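> Protein chains in written order, with the working numbering: chain A, 1 to 419; chain B, 1 to 377; chain C, 1 to 82.
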Amino acid sequence: MTDPAFQFEVVIIGAGPAGMAAACAAASSGKKVALIDNTPWLGGQIWRGEQGHPTMPQAQKWIESVRRSGVTVLENTSVIAKLEEHKLLAEHPNGPREICWQKLIVATGARELFLPFPGWTLPGVFGPGGLLALVKNGWPIAGKKVVLAGSGPLLLAVADGLKKRGASIVSMGEQAPRERLLRFGLRLLRHPAKIIQGLGIKKRLLGVPFRYGVWPVKAHGGERVHRVELTDGQRSWTEECDVLACAFHLVANLELPMLLGCKVSQGFVMVDEWQATTAASVYCAGEPTGIGGADSALVEGRIAGYAATGQLDQARALFAERRSWRRFQAALAEAFELRPEVKKLASNETIFCRCEDVSFERVRNFSGWREAKLLTRCGMGACQGRTCGAASQFILGWGIESVRPPVMPARISSLLIKN
Amino acid sequence: MTKAYDIAIVGAGIVGAACAMECARNGLRTVVLERGFSGCGTSAAGMGHVVVMDDSDAQFDLTHYSRQQWIKFRPQLPATVEFDACGTLWLAADEEEMAEVYRKKAFYEERGVRVEVLDGAAVVQAEPNLRAGMAGGLRVPDDAVVYPPSATHYFLEQARKFGAEIRFGVSVKTLLPDGTVQLADGERVHSGRSVSAAGPWSPELMAGLPVRKRKGHLVITDRNPGFVRHQIVELGYLKSAHSSDKSSVAFNIQPRVTGQMLIGSSRQFDEEDDSVDHAILDRMLRRAIEYMPSLANLSAIRVWTGHRAATPDKLPLIGPSLLSPHVWLATGHEGLGITTSLGTGRLLADLLLDRPTEIASEPFLPSRFAKKEVAHE
Amino acid sequence: MSDGVQVFVNGRAVVVAPGTVVAAAVALAGETEFRRSPLGSPRGPLCGMGVCMECRLTINGQSECRSCQTLCETGMRVQTHD
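(1) Using DSSP with H/G/I as helix, E/B as strand and the rest coil, what is G185 of chain A?
(2) Could you name the residues of chain A that S41 of chain C contacts, counting a contact when the two beta carbons are closer than 7 Å?
(3) Closer than 9 Å between beta carbons: that is the criterion. Which residues of the segment 1-31 of chain C meet it against chain B?
(4) Can you find a CB in chain C that lies within less than 8 Å of the CB of N94 of chain A?
(5) Starting from the Cα of S41 of chain C, find the closest Cα among A:C355, A:D3, A:L332, A:L113 and give me that residue.
(6) Mind checking whether V219 of chain B and I289 of chain B have CB atoms under 8 Å apart?
(7) Is W47 of chain A close to chain C, meaning its C-beta is less than 8 Å from at least one C-beta of that chain?
(8) What is the rounded straight-line gap between the Cα of P225 of chain B and the Cα of V51 of chain C?
(9) Identify, in the order they occur along the chain, each residue of the same chain with its Cβ nearer than 8 Å to the Cβ of T42 of chain B, setting aside the five sequence neighbours on each side.
(10) Would you tell me roughly how many angstroms separate the C-alpha atoms of G19 of chain A and L131 of chain A, rounded to the nearest one?
(11) Compare the C-beta of E73 of chain C against all C-beta atoms of chain B and say whether one is closer than 8 Å.
(12) If distances are taken between C-alpha atoms only, which option among B:R139, B:Q182, B:Q260, B:A279 comes closest to P115 of chain B?
(13) Verify the CB distance criterion: does A382 of chain A have a CB-CB separation below 8 Å to chain C?
(14) Could you check whether N297 of chain B and R411 of chain A sit closer than 8 Å to each other, using their CB atoms as the reference points?
(15) For A142 of chain A and chain C, any beta-carbon pair shorter than 8 Å?
(16) CA-CA distance, E54 of chain C and F352 of chain A?
(17) Counting only beta-carbon separations shorter than 8 Å, does S299 of chain B have a partner in chain C?
(18) Which residues, in chain order, does the segment 50-70 of chain C contribute to contact with chain B at a C-beta distance below 7 Å?
(19) Enumerate in chain order the residues of its own chain whose CB-to-CB distance from R223 of chain B is below 7 Å, with the five nearest sequence positions on each side excluded.
(20) Among the candidates A:L318, A:F184, A:A294, whose CA atom is the shortest distance from the CA of A330 of chain A?
(21) Whole alpha helix (DSSP H) runs in the segment 136-224 of chain A with 4 or more residues, listed along the chain?
(22) Suppose you measure from the CA of M134 of chain B to the CA of A121 of chain B; what does that come to, to the nearest Å?
(23) Is S150 of chain B close to chain A? Criterion is C-beta to C-beta, closer than 8 Å.
(24) By the DSSP assignment, the beta strand (DSSP E) with P255 of chain B in it spans what residues?
(25) Do E273 of chain A and T289 of chain A have their C-beta atoms closer together than 8 Å?
(26) Identify the contact partners of P38 of chain C in chain B, using a Cβ-Cβ distance below 8 Å as the criterion.
(27) Reducing DSSP to helix, strand and coil, say where L352 of chain B ends up.
(28) Give the single residue among B:H190, B:T174, B:R193 whose Cα lies nearest to the Cα of A184 of chain B.
(29) Here's the rule: buried if 16 or more other CB atoms are within 10 angstroms of the residue's CB, otherwise exposed. What is F423 of chain A?
(30) Rounded to a whole number of angstroms, what is the C-alpha to C-alpha distance between P320 of chain B and D277 of chain B?
(31) Less than 8 Å between the C-beta atoms of V264 of chain A and L254 of chain A, yes or no?
(32) Check the Cβ of H278 of chain B against every Cβ in chain A and list those closer than 9 Å, keeping chain order.
(33) Looking at T357 of chain B and L365 of chain B, is the spacing between their C-beta atoms short of 8 Å?
(34) DSSP beta-bridge partners for G48 of chain C?
(35) Label E73 of chain C either buried or exposed according to how many other C-beta atoms from any shown protein chain fall within 10 Å of its C-beta, with 16 as the threshold for buried.
(36) Buried or exposed: where does N348 of chain A fall if 16 or more other Cβ atoms within 10 Å of its Cβ makes it buried?
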């Protein structure tokens, strides 16, 4: 018998921009709403650290709104399994929780795409977004030499954030060609806020070398990274560094939506105009439906929150704004599309599956993910194939297979359900 | 008309693979037909036991015979097969189960199998993570653990070396009485005899076959080297395995060379789908925690299910089917498919070649179900 | 800092600001190696968001804790896996 304290009319999984916006919209209906997150904080990844150290007014506004909305916030709560059609199992430090819902909104966000290259497993190599998140939570970066590489608008935002906190940005390298990014810049004219944001960043990063059309060759070091070798396809050069922040844009966190039965297409959850997925009573908002950043996530979250609580007029009123952000999403995807050269960063000896130490050579010759997993153990380690799985989808064209519980590794005691 | 093959084996799980290896090695022109990839069915889902069992003389004969083959193979097995002679520890929680330990000891010693009785103190010393108060146990030091998908792959490689053809991505529709295999796309594979090694899917190829799906759950933990040294089975396992109850659980844990552990076991009849059943998972894990309390704090990376191929008398079907003398079976191995794969292969090859078998084959012949009413005891 | 949080990294005391995650405390203690891979390579955090599992440490005796997602609390005992 579920504890009535965990019975809700609307449950939202993920307290980033999409989740917080959905929570506030849903709460305005007067229904009983819960907002779940597996971290101790509100803000998700993009607004990490905002709860403790406010720096962004937009983030602050939403955190405040959630606090005032009457929504029950369940932090440190990690959804791991679907027990029944309307019942979830979640892990929490005080014990497992069974959470009942009538409408569910999935806002699990995205994670950075890591593509293996020689030396990428050295300590001191991070994803750019991950590095900034760690720095916001106390990781020492002042005076450290940082090289950024890979792809995505995050590179600039992260470099900016790190520089503000005393890092010495050695250089930034974006794999996308210059022409494509210039076209993207022009498209931004439709999104003035983004331009202002961009110009501000550019000003603060004046003097930092920024190159287009470059990608990493190798991270050098013994106990940690000391030097990075980069190339533009013609010539290569190395740069000394203490830290390398390298990832290739974002991939959606699809594991939980898939476990819940949501259909996925081309790497994203399929949703209709109400942000409803193919799974009954399950909605999805934010990055899992298309990578678009915080602004896109906010409007989708609000639509989902209104739609899930029957406030269809309020939802419909946001469709035009969403259309605008969907165009931004498409422009983003086109601008930062990964070039063919970055499919070939790994050498045969490069570790492909970090958790199980499986080299690229061993993995590359299989025809599919499941066979490679079974015969090499690639993807069978603690990260549940999130790191290497995303890489194999891009590099080897393999599909995703079905998701098994627990959605995140969990204590065995968390799998014990109350009867 | 000369047929292209002497033997067509349906299913490239560990049993089909071992059969292919033995048939090819003995000069039979062999083809294996598999709709997925090697070991992708039950062989991918279960634990990798190599264990002697004593439920019946026949079961002992086959498991012991097979274990001997595994031990003979050991020097040539690649590291990926992860052959680990960690032994089995059968646990007795109370005096009733301890009596069973002594019965097993007598049974095995009579047949030349090395065993060792451990009392309550010794069993906890052998496995420090066991809860206090165990009555004792029986250690079988020559039992082992392997990684089935890699073993399956290895046997198929050996089969190829002996001239067998392996065809993946091929779906079989019908086993014709003259030994021909008809594929889903209409192609006919002309063989003298066919062998169904399709495990829990074998009834799809042969109506009325006394094979039933028995669903199981497993949990794999993160790396904890040294947490468990043996493959451990509670003696209550036998109550679970023998039961015809819809569902039962029994504590079973197996170390992998990686330091990860597989925790089982559960049995359910009449559960076709492969989704995780959280109610039975809960029962299974609670049972495990009863025996090893500190399991509760370990990290579970994944939970999954699989189906075993169960027969009414717990013995596999090896030999000509009731359908036709050209259609044979090597299926119904329930929870002992990994162990008995090699013995099954040899038995099948000998029967196909009309040679004396190294163990009595009658208990495994499909004809034993000819007139009796099929009842799962 | 009057409201600093004291934790112990491999037995060494480190004082950190409130809101610091355990992974950051380990870096502040001067450690670069959080754990070793199956083949013995040194590893540290990669993704910073609880997904890659490379930052796992033993915290207060509990193994496999994701240090990038765990806030430092007074008296915490943190062990890297050597």
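The C-beta atom is built at its ideal place from N, Cα and C for all residues, glycine as well.
In this text the structure is predicted, and so the values were computed from the model without any measurement.
For this structure:
(1) Against the first sequence, residue 185 of chain A aligns to sequence position 185. Of the three classes helix, strand and coil, the one that applies to G185 of chain A here is helix, per DSSP.
(2) Along the third sequence, one-based indexing puts residue 41 of chain C at 41. Correct list: T121.
(3) none
(4) Against the first sequence, residue 94 of chain A aligns to sequence position 94. By this cut-off, N94 of chain A is not an interface position.
(5) Here residue 41 of chain C refers to the residue found at position 41 of the third sequence. It is A:C355 whose Cα lies nearest to the Cα of S41 of chain C.
(6) The residue given as residue 219 of chain B occupies position 219 in the second sequence. The residue given as residue 289 of chain B occupies position 289 in the second sequence. The answer is no: Cβ separation not under 8 Å.
(7) Indexing the first sequence from 1 puts residue 47 of chain A at position 47. Cβ-Cβ to chain C under 8 Å: no for W47 of chain A.
(8) For the purposes of this step, residue 225 of chain B is taken as residue 225 along the second sequence, with counting starting at 1. For the purposes of this step, residue 51 of chain C is taken as residue 51 along the third sequence, with counting starting at 1. Using only the alpha carbons, I get a separation of about 23 Å.
(9) Mapped onto the second sequence, residue 42 of chain B falls at position 42. Around T42 of chain B: G13, G199, P200, G306, H307, R308, A309, G337.
(10) Start at 1 with the first residue of the first sequence, and residue 19 of chain A comes out as number 19. Start at 1 with the first residue of the first sequence, and residue 131 of chain A comes out as number 131. Distance between the alpha carbons of G19 of chain A and L131 of chain A is about 23 Å.
(11) In the third sequence, residue 73 of chain C corresponds to position 73, counting from 1. Not closer than 8 Å to any Cβ of chain B, the Cβ of E73 of chain C fails to qualify, so no.
(12) Here residue 115 of chain B corresponds to residue number 115 of the second sequence, with the count starting at 1. Checking the sequence, you will find Val at residue 115 of chain B rather than Pro. Considering only alpha carbons, the answer is B:R139.
(13) Along the first sequence, read from residue 1 onward, the residue named residue 382 of chain A stands at position 382. Interface residue, yes.
(14) The residue labelled residue 411 of chain A in the question sits at position 411 within the first sequence. The residue labelled residue 297 of chain B in the question sits at position 297 within the second sequence. Going by C-beta atoms, R411 of chain A is nearer than 8 Å to N297 of chain B.
(15) Along the first sequence, read from residue 1 onward, the residue named residue 142 of chain A stands at position 142. So, not an interface residue.
(16) Taking the third sequence and counting its residues from 1, the one referred to as residue 54 of chain C is at position 54. Taking the first sequence and counting its residues from 1, the one referred to as residue 352 of chain A is at position 352. Looking at the two C-alpha atoms, the distance is approximately 14 Å.
(17) In the second sequence, residue 299 of chain B corresponds to position 299, counting from 1. True, the Cβ-Cβ gap to chain C drops below 8 Å.
(18) Q62, E64
(19) Taking the second sequence and counting its residues from 1, one reaches residue 223 of chain B at position 223. Correct list, in chain order: T258, G259, Q260.
(20) Here residue 330 of chain A refers to the residue found at position 330 when the first sequence is read from its first residue. With distances taken between Cα atoms, A330 of chain A lies closest to A:F184.
(21) 154-164, 178-187, 192-204
(22) Counted from its first residue, the second sequence places residue 134 of chain B at position 134. Counted from its first residue, the second sequence places residue 121 of chain B at position 121. Answer to the nearest angstrom: the Cα atoms are 8 Å apart.
(23) By 1-based counting over the second sequence, the position of residue 150 of chain B is 150. Chain A, which has a Cβ nearer than 8 Å to the Cβ of S150 of chain B, makes this yes.
(24) Taking the second sequence and counting its residues from 1, the one referred to as residue 255 of chain B is at position 255. Run containing P255 of chain B: 247-255, per the beta strand (DSSP E) assignment.
(25) Translated into positions along the first sequence, residue 273 of chain A becomes position 273. Translated into positions along the first sequence, residue 289 of chain A becomes position 289. Against a cut-off of 8 Å, the Cβ pair of T289 of chain A and E273 of chain A comes out as no contact.
(26) Within the third sequence, numbered from 1, the residue matching residue 38 of chain C stands at position 38. Neighbours of P38 of chain C on chain B, chain order: R223, T258.
(27) The sequence position of residue 352 of chain B within the second sequence is 352, counting from 1. Reduced to three states, the DSSP call for L352 of chain B is helix.
(28) Working through the second sequence from its first residue, we reach residue 184 of chain B at position 184. Nearest C-alpha to A184 of chain B: B:T174.
(29) Lying outside 1 to 419, the shown extent of chain A, residue 423 of chain A is not represented and no answer is given.
(30) Counted from its first residue, the second sequence places residue 320 of chain B at position 320. Counted from its first residue, the second sequence places residue 277 of chain B at position 277. The straight-line gap from Cα to Cα measures roughly 37 Å.
(31) For this step, residue 264 of chain A is matched to residue 264 along the first sequence. For this step, residue 254 of chain A is matched to residue 254 along the first sequence. Contact: yes.
(32) Counting from 1 along the second sequence, the entry for residue 278 of chain B is found at position 278. Here the neighbours are A81, K82, L83, E84, L89, P405, L415, I417.
(33) Translated into the one-based positions of the second sequence, residue 365 of chain B becomes position 365. Translated into the one-based positions of the second sequence, residue 357 of chain B becomes position 357. Contact flag unset, no.
(34) Sequence index remark: in the third sequence, residue 48 of chain C carries index 48 (1-based). DSSP, once it has assigned bridges, lists no residue as partnering G48 of chain C.
(35) The sequence position of residue 73 of chain C within the third sequence is 73, counting from 1. Answer is exposed; the Cβ neighbour count stays below 16.
(36) Mapped onto the first sequence, residue 348 of chain A falls at position 348. Exposed, because fewer than 16 other Cβ atoms sit within 10 Å of the Cβ of N348 of chain A.
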